[in-house]
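Residue numbers (this note's numbering), protein chains in the order written: chain A, 692 to 855; chain B, 692 to 855. For each residue, glycine too, the CB sits at the ideal point set by N, CA and C.
Protein chains: 2
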Amino acid sequence: MPQNRITDDGQSDRPRRELPLSLVIHQLSLKIDAQGRALVARHSDLTLPQWRVIRVIGLEAPDGSTALRKLMGFDKSQFSKTVNQLRARGLLTVSAHPEDGRQLQLSLTEAGRAVLDRLGPVLDARNDLFLQALAPEELKVIRSALSKLGRAAEITDFSKGDDE
Amino acid sequence: MPQNRITDDGQSDRPRRELPLSLVIHQLSLKIDAQGRALVARHSDLTLPQWRVIRVIGLEAPDGSTALRKLMGFDKSQFSKTVNQLRARGLLTVSAHPEDGRQLQLSLTEAGRAVLDRLGPVLDARNDLFLQALAPEELKVIRSALSKLGRAAEITDFSKGDDE
DNA sequence: CGAATAAGGTTGACTTGTCCACCAAATCGG
DNA sequence: CCGATTTGGTGGACAAGTCAACCTTATTCG
Chain A
692 MPQNRITDDG QSDRPRRELP LSLVIHQLSL KIDAQGRALV ARHSDLTLPQ
742 WRVIRVIGLE APDGSTALRK LMGFDKSQFS KTVNQLRARG LLTVSAHPED
792 GRQLQLSLTE AGRAVLDRLG PVLDARNDLF LQALAPEELK VIRSALSKLG
842 RAAEITDFSK GDDE
Chain B
692 MPQNRITDDG QSDRPRRELP LSLVIHQLSL KIDAQGRALV ARHSDLTLPQ
742 WRVIRVIGLE APDGSTALRK LMGFDKSQFS KTVNQLRARG LLTVSAHPED
792 GRQLQLSLTE AGRAVLDRLG PVLDARNDLF LQALAPEELK VIRSALSKLG
842 RAAEITDFSK GDDE
């Protein structure tokens, strides 16, 4: 067995430096998205971003496109394209916002609600598997930890010794 | 103030259903990557994937391209392209693997090490900010939690009632 | 009140990541 | 030993996300 063998699960005998948390989270996100893509593809012909828009509209009725987009953390451009894809497929209706001419009012069509009803339980079950995979002390702090990391990731002014 | 106002930071007065963990992690990953991209761009003309390859080679000397690729969690195709970009820029040398004709042996050039020396501290400082943002009980379990989620995301057989 | 600024959506171009076919090398099993 | 299977890298096509310019609408400020 050669020295310095690296296994995928990090369970190698010799301690090695940990990967940066940013890379770990990136890898995790790619795995979760790949799994989500496979599940959504198995049950529909939606893309993952399209499913996400439907899913979050179903979680709560947004009072405008801006609130929905910001809640979902989508880029303006990507949100626009995904919403238009869903409108073109007949899963979403788009109308003018009653108070703000810049915004859109979005709602699911019956076909959109049907997709939500069909896929919702599947993806909820996967989410439950994620939660069940965690120990109680992990489950207790995971969301607050991710939230704090998110805020730390929004810092753009690294004035601490940066040669800007 | 209209009812059902949604704020970005989730600190709204009324409780609302939480976003699925998968979407939260996806959003977090995008924010972290955007910040990383900005930092890397400020200090070099590398892309984030290119920086990541250099960074992980610097963390430990891999015994072949396969071990490095798997450690980093890169797609085969993306890894190949990024390695070739780095070779073309003179930051990486690529040679034949001594034992396995399928694999490559990768090492940083002097220019590659110089980039690593210049950017390493910047990105390490950011990683430290992430760790410092977390409370002790969050820091204690974050890696094990992410690791468990990663394993749960590798499940491909959802035979529990799926209409396959 | 009007100019300046900011916010929201669209579109095209680009970056990053995925998928797949192909080929070569390694491994496995009869 | 040899055929079958698996693994690793390449390259093209495509999906997902980002960036920036532009236009419209709303807000801010003097």
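Annotation: Cβ neighbours of A/A824 in chain B (cutoff 8 Å, chain order): K839, L840, R842 and A843. Around the beta carbon of A/V785, fewer than 16 other beta carbons lie within 10 angstroms, which makes this residue exposed. Cβ neighbours of B/P753 within its own chain (closer than 6 Å, five residues either side excluded): L759.
For A/V806, no CB of chain B lies under 9 Å from its own CB, so it is not counted at the interface with that chain. Within chain B, I716, H717 and S720 have C-beta atoms less than 7 Å from the C-beta of A/S720, given in sequence order. Remark: C-beta atoms of A/V832 and B/L837 do not approach each other more closely than 9 Å. As a beta-bridge residue in DSSP terms, A/Q796 pairs with A/S786. Neighbourhood of B/A836 in chain A, by CB distance below 7 Å: L825, E829 and I833, in chain order. In this structure, A/V813 lies away from A/V774, with their beta-carbon atoms at least 9 Å apart.
Secondary structure at A/R834: helix, using DSSP grouped into helix, strand and coil. About 12 Å separates the beta carbon of B/L810 from that of B/L799, a gap too long to meet the 8 Å contact definition. For A/D819, the enclosing alpha helix (DSSP H) starts and ends at E801 to A824. In this structure, B/P711 sits away from A/D766, with a CB-CB distance that is not shorter than 9 Å.
Counting only residues of its own chain and dropping the five nearest sequence neighbours on each side, B/T757 has a CB closer than 7 Å to the CB of Q794.
From the listed residues A/A826, A/R746, A/Q776 and A/A779, the smallest Cα separation to A/M763 is found for A/R746.
Chain order gives the chain B residues near A/N818 as P711, L712 and S713, where near means a beta carbon separation below 7 Å. Secondary structure remark: continuous alpha helix (DSSP H) runs of at least 4 residues inside the stretch 701–758 of chain B, in chain order: 712–734 and 739–750.
Within the model, the alpha-carbon separation for A/E801 versus A/K761 is close to 25 Å.
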